[in-house]
Amino acid sequence: MLKPFTPAALLSRIQLVLRKPRPFVISEAYVGPDRRRKAEVDYSGPMRRKQDPVEVSDAGERNLTRQTIAVELNALKRMIRTRRGIDRSLMQMIYRVMQHTRFRALQVRDRTIERTTNSLLGYIDSMGGTDACDVEIVEVHIDAILTLMGVDEADVAQAERINRNLELTVEYKAKERLAVAV
89 MLKPFTPAAL LSRIQLVLRK PRPFVISEAY VGPDRRRKAE VDYSGPMRRK QDPVEVSDAG
149 ERNLTRQTIA VELNALKRMI RTRRGIDRSL MQMIYRVMQH TRFRALQVRD RTIERTTNSL
209 LGYIDSMGGT DACDVEIVEV HIDAILTLMG VDEADVAQAE RINRNLELTV EYKAKERLAV
269 AV
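In my numbering, the protein residues as written are 89 to 270.
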C-alpha cells in the first residue's frame, strides 16, 4: 500500500539526498546506496561502509588483486576498441567495473588505484551521461590504472603526479562542459 505524500515532502527528501549523499554499497545480494541508519556495535558481517575498518592486507593479496584488476581493465580496453567508442551499455559496464575496482582497492588498502578510480567515476558523474563522455579520457584513466600497477609502491611522487594530472584533466573537461552548456 502506498503512503500519500505532499510535494513539499518530496522536495525535502530530494534536497536531503543532494545534501547528504549516501555511500554506495556493492555486495553479492545488493548494489545501491547504503541503507543502514547507524552502526551496530555487535555487527559481525562484511564491512562495506567507507568508514568501516578495512581488513589488513599483505603484499601477496594486493598483487593478486592488482593482477585481477589488470585483466578486467585490459578486457575493457579491447571492448572499447572493438566497438570503436563507448555506447550507453558499455559506459554502464565501465562504471560498474570502476566501482568494483575501487571497492577492491579499498579492501587491500591500495590508495593510488582507489584515487584513480574515483577520478574516473567523478568524470563520468560530472559529464552527466554517455554522450558527453570523451572516450580518450576514459582510456587515459584505464591506462593510468594499469601504469600505476606497474609503478613501485615506494615511488609515491610518480603516483601522485599521475593522479594529479588525471584530476586536472577531469576538472578541465567539467569546466569545458559547463561553458558549452551556458
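Note that beta-carbon positions come from the ideal geometry of N, C-alpha and C, so glycine has one too.
Do residue j and residue i have their beta-carbon atoms positioned less than 8 Å apart in this structure?
i: Q180; j: I114; result: no
i: T204; j: I168; result: no
i: N251; j: T189; result: no
i: R171; j: L178; result: yes
Does DSSP put residue i in a helix, in a strand, or in coil?
i: P109; result: coil
i: P92; result: coil
i: I114; result: strand
i: T220; result: It is worth fixing the name first, because residue 220 is Ala in this sequence and not Thr. It is coil, neither helix nor strand.
i: D302; result: Nothing in the structure corresponds to residue 302, since the chain is present only between 89 and 270.
i: I174; result: coil
i: R249; result: helix
i: M179; result: helix
Between which two residues does the alpha helix (DSSP H) harbouring residue i extend?
i: G210; result: 199 to 215
i: I157; result: 147 to 171
Taking the beta strand (DSSP E) that residue i belongs to, which residues open and close that run?
i: V119; result: 119 to 121
Taking the C-alpha atoms as reference points, what is the distance between residue i and residue j?
i: D198; j: D240; result: 12 Å
i: I230; j: A147; result: 22 Å
i: F191; j: I182; result: 14 Å
i: L98; j: F112; result: 22 Å
i: L236; j: L254; result: 12 Å
Could you tell me how far apart the beta carbons of residue i and residue j are, in whole angstroms, since I believe they sit closer than 8 Å?
i: A262; j: S207; result: 11 Å between Cβ atoms; not a contact.
i: V228; j: I174; result: Wrong, their Cβ atoms sit about 13 Å apart, outside the cutoff.
i: R107; j: D122; result: With a Cβ gap of about 16 Å, R107 and D122 do not count as contacting.
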